[in-house]
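*Asks:*
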Amino acid sequence: MDLRNRVALVTGAGRRIGRAIALDLAAHGTSIAVHYRTSQSEADSVVVEITNNGGKAQAFRGNLEHVAEIEQMVANVLGAFGRIDILVNSASIFAPTPIEELTERDWDANLDINLKAPFFLSKFAAAAMRQQGAGKIVNLGDWAGIRPYKDYLPYSVSKSGLIGLTKALAKELAPEIQVNCIALGMVIPPEEYSKAEIERLVNRTLTKKMGTPEDVARAVVFFCETDFATGTVLSLEGGRLLL
Numbered sequence: 029m030d031l032r033n034r035v036a037l038v039t040g041a042g043r044r045i046g047r048a049i050a051l052d053l054a055a056h057g058t059s060i061a062v063h064y065r066t067s068q069s070e071a072d073s074v075v076v077e078i079t080n081n082g083g084k085a086q087a088f089r090g091n092l093e094h095v096a097e098i099e100q101m102v103a104n105v106l107g108a109f110g111r112i113d114i115l116v117n118s119a120s121i122f123a124p125t126p127i128e129e130l131t132e133r134d135w136d137a138n139l140d141i142n143l144k145a146p147f148f149l150s151k152f153a154a155a156a157m158r159q160q161g162a163g164k165i166v167n168l169g170d171w172a173g174i175r176p177y178k179d180y181l182p183y184s185v186s187k188s189g190l191i192g193l194t195k196a197l198a199k200e201l202a203p204e205i206q207v208n209c210i211a212l213g214m215v216i217p218p219e220e221y222s223k224a225e226i227e228r229l230v231n232r233t234l235t236k237k238m239g240t241p242e243d244v245a246r247a248v249v250f251f252c253e254t255d256f257a258t259g260t261v262l263s264l265e266g267g268r269l270l271l
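Residue numbers (the numbering used here): 29 to 271.
#1: Going by DSSP, what residue range makes up the alpha helix (DSSP H) through Ile98?
#2: Determine the contact status of Asp179 and Thr125, defining contact as a CB-CB distance below 8 Å.
#3: My output table needs one value for Val215: the three-state DSSP class, helix, strand or coil.
#4: How is the beta strand (DSSP E) around Tyr64 delimited, first residue to last?
#5: Roughly how many angstroms separate the alpha carbons of Ala50 and Lys236, rounded to a whole number?
#6: Do you know how far the Cα of Asp113 is from the Cα of Met214?
#7: Please list the segments of the alpha helix (DSSP H) lying wholly inside the stretch 149 to 186, counting only runs of 4 or more residues, in order along the chain.
#8: Going by C-alpha distance, which of Arg246, Ala211, Thr233 and Val185 is nearest Ile127?
#9: Is the separation between the beta-carbon of Tyr276 and that of Asn142 shorter than 8 Å?
#10: Give me, in chain order, the residues of the same chain whose beta-carbon lies closer than 7 Å to that of Gly173; leave out the 5 immediate sequence neighbours on both sides.
#11: Assuming Arg232 contacts Arg175 (C-beta within less than 8 Å), just tell me the rounded distance between them.
#12: Which class does Leu92 belong to by DSSP, given the choice of helix, strand or coil?
#13: Between Val244 and the rest of its own chain, which residues show a CB-CB distance below 8 Å, the 5 nearest in sequence each way excluded?
#14: Going by beta carbon distance, what residues of the same chain come within less than 6 Å of Met101, once the five residues before and after it are set aside?
#15: Would you grab the beta carbon distance between Ser150 and Ala41 for me? Rounded to a whole angstrom, and I think it's under 8 Å.
#16: Would you tell me roughly how many angstroms separate the C-alpha atoms of Leu272 and Ala154, rounded to the nearest one?
#17: Would you say Ala247 touches the ligand MG, meaning its beta carbon is less than 7 Å from a heavy atom?
#18: Taking the C-alpha atoms as reference points, what is the distance between Ala108 and Ala61?
#19: Leaving out the 5 sequence neighbours to the left and right, which residues in its chain are closer than 6 Å to Ile165 when beta-carbon positions are compared?
#20: Considering just the uninterrupted stretch of the beta strand (DSSP E) at Ser118, what are its terminal residues?
#21: Under the three-state reduction of DSSP, which class applies to Thr39: helix, strand or coil?
Quick look at the structure:
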């Protein structure tokens with residue numbers, strides 16, 4: 029797919045990895061629908077940066093725990109831009125949930141935002157993509173979906189489900205739409221991680237370095253530009269899975 033004059037909906041695009049993806053796609057000539065839930069100022073900042081560089085962008089709010097809001101947001105994007113060519117499911121929640129303390133709310137929040145939302149976003153966006161005859165969906169997963177983290181049970185389950193969803197959607201939406209997943213390692217550590225904890229995790233990779241949001245953005249661009257990869261899970265975790 030030629031990314032020029034396309035439209036991409038990037039969830040969680042106001043901050044962290046989602047922001048880098050939005051900016052990189054915009055640099056390739058793609059108009060960006062910048063989704064946010066509470067980070068409006070950050071989303072507006074991304075829009076300003078893109079438009080100041082000659083691109084097109086608009087911010088859209090949506091609570092991804094509610095399917096009705098997801099459907100309305102997709103409709104709003106279509107109303108504003110007329111089409112959706114690319115969906116990047118970047119928004120996610122990540123918080124420790126030791127099994128002894130795990131609540132129903134913890135379980136539901138992880139599964140709703142990290143798994144249910146990507147499905148319904150894909151369902152609604154894919155309807156428009158199919159009418160256009162082509163489309164790309166890229167899901168941001170985690171290597172915890174392959175090898176679960178201790179004390180992150182619902183998160184790990186949600187990311188494992190996202191890998192399964194990627195493969196199932198690739199079959200359901202072929203041949204017009206390609207669906208792929210990136211299984212991330214540590215790219216931006218949680219704010220509560222200490223310097224020592226970060227160093228320990230970095231040393232447990234083969235590369236002995238942390239990934240960057242730009243690494244992820246380049247992988248997303250690859251999946252958007254290629255028409256041959258679908259149902260693929262790309263491990264982008266510094267070789268951690270080999271240890």
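Even glycine gets a Cβ: it sits at the ideal position worked out from N, Cα and C.
*Replies:* For this structure:
#1: Val95 to Phe109
#2: yes
#3: coil
#4: Ser59 to Tyr64
#5: 27 Å
#6: 28 Å
#7: none
#8: Closest by alpha carbon: Val185.
#9: The chain is shown from 29 up to 271; residue 276 falls before or after that span and cannot be answered.
#10: Within the same chain, Gly173 has close Cβ partners Ser184, Lys187, Ser188, Leu190, Ile191 and Ala211.
#11: No, Arg232 and Arg175 are not in contact; Cβ-Cβ is about 12 Å, not under 8 Å.
#12: coil
#13: Ile45, Ala48, Ile49, Leu168, Ile210, Leu212, Val215 and Leu264
#14: Phe88 and Gly90
#15: Ser150 to Ala41, Cβ: 17 Å. No contact.
#16: Here the chain has residues from 29 to 271 only, and residue 272 is not among them.
#17: With respect to small molecules bound, the structure shown includes none, and the ligand MG cannot be examined in it.
#18: 9 Å
#19: Leu115, Ser150 and Val207
#20: First-last for Ser118: undefined, no H or E at that position.
#21: Note: Thr39 maps to coil in three-state DSSP.
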